[in-house]
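For the record, in the sequence shown the residue sitting at position 123 is 123 according to full-length UniProt numbering, with numbers rising by one throughout. Where is the CB? At the ideal position from N, CA and C, for every residue including glycine. Have a look at the structure below, then the notes.
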Amino acid sequence: MIKLTHLHKEYRTKKGTVIGVDNVNLTVHKGAIYGIVGYSGAGKSSVLRCINLLERPTSGEVLVDGVNLMSLSTSELRLARQKIGMIFQHFHLISSKTVFDNVAFALKAAGKPASVIGQRVQELLQLVGLADKADNYPAQLSGGQKQRVGIARALANDPQVLLCDEPTSALDPMTTQSILTLLREINQTLGLTIVLITHEMDVVKDLCHQVAIMNNGKVIEEGSVYDIFANPEQPLTKEFVQNSLEFKLPQKLWDKRDPNGKIVKVMFKNEAAEQAIIYEMLKAIPVKANIIHGKIDYIGDKPLGMFIMEVTGDIHEIEHALKFLVDQSCGVEEVVTNE
Ligand SMILES: Nc1ncnc2c1ncn2[C@@H]1O[C@H](COP(=O)(O)OP(=O)(O)OP(=O)(O)O)[C@@H](O)[C@H]1O
């Protein structure tokens, strides 16, 4: 549905040229929810804004539904943009207009007749759960409700793609969940392709199918959300994943560890997360294993188990036990500091 090829964006500033996007190649399949993650300044917004040509790439190609947007005339581009909705961190609603008129605005801009607009706005407000707020002004709404208006407005012209620029960063955790649920429903019921930028891996874990990690304008790693969480390769990806999954041991437990044992972090992927591998290990090898921290996360429907274990006994047997886990496709990493 979206294909970015050798996308490059430079900004000319008084101090010189700044590279916002550096040779990004990326494909988002129809119906997917695709996350783009990175720290501030990584180039996420620049990539997102190149998808609807809010920023014109310096070079490269932007294909949306097979159409090369860079080759369109101004009027063709205006039409093509109706198929690409966008929502923003700070909602960008018109404060002097009611909820109804904010949503109607997108339809009027697309030249829809008044007879169509009234019914369509009601449908959209129903869809986002705000049917009773049509006459309210943005200032009378909560953050979550404002984002719902933003979503209704973005969906007004039946887009095929929804671009989301940090849509939950200004919201509290409960409201974030309700907006993520709404985006998931829209993706499933309308078959909408969603590209979402965020700096929160928890949002990616909850919502996205695929994810790209950006740094310095480049995509440094990309894949299915499960694979990125289960096997992050780049140090920055590991950092993002750990911030979301990691659990620190209480210092008291760390201080009490057996100096002759090993503290290890074990990651169980796919079926391994649902099997009695530790039981099998203890049956086969004479070591003691004490689980001191752990959980099983579900990404989509797939389990990803993580445990911190203290393994004690003869050093050779400990090594033997850890190799047993590796042979069962578990990720095993010794924890050497509690930082
Ligand atoms: N209009 C602009 N003029 C000059 N430089 C810009 C402009 N927009 C972005 N940049 C620069 O391009 C780089 C990428 O910025 P971008 O906003 O795309 O990153 P980001 O990952 O979205 O960051 P944030 O999470 O803070 O929004 C940064 O160095 C930024 O300073």
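{"Query": "Between I292 and T337, what straight-line distance do the alpha-carbon atoms span, to the nearest angstrom?", "Result": "15 Å"}
{"Query": "Among the candidates A212, K256, S45, whose CA atom is the shortest distance from the CA of L26?", "Result": "A212"}
{"Query": "Which residue from R184, E239, P250 puts its Cα closest to that of G300?", "Result": "R184"}
{"Query": "Counting Cβ pairs closer than 8 Å, one from the segment 204 to 224 and one from the segment 43 to 52, do we hit at least three?", "Result": "yes"}
{"Query": "Consult DSSP for F307 and reduce its assignment to one of helix, strand or coil.", "Result": "strand"}
{"Query": "Between the Cα of T175 and the Cα atoms of K14, L141, K218, which residue gives the shortest distance?", "Result": "L141"}
{"Query": "Identify the residues that DSSP records as bridge partners of H293: which are they?", "Result": "I308"}
{"Query": "Less than 7 Å separating the Cβ of K14 from some heavy atom of ligand 1?", "Result": "no"}
{"Query": "With DSSP as the reference, please indicate the residues paired to C164 in a beta bridge.", "Result": "I87, L196"}
{"Query": "Of the choices D297, L125, L107, E280, whose alpha-carbon is the least far from that of N270?", "Result": "D297"}
{"Query": "Determine the DSSP secondary structure at I206, reduced to helix, strand or coil.", "Result": "A quick correction: the sequence has Asp, not Ile, at residue 206. Reduced to three states, the DSSP call for D206 is helix."}
{"Query": "Around the Cβ of T13, are there at least 16 other Cβ atoms within 10 angstroms (buried) or fewer (exposed)?", "Result": "exposed"}
{"Query": "Would you kindly work out how many angstroms separate the C-alpha atoms of K283 and K323, rounded to a whole number?", "Result": "15 Å"}
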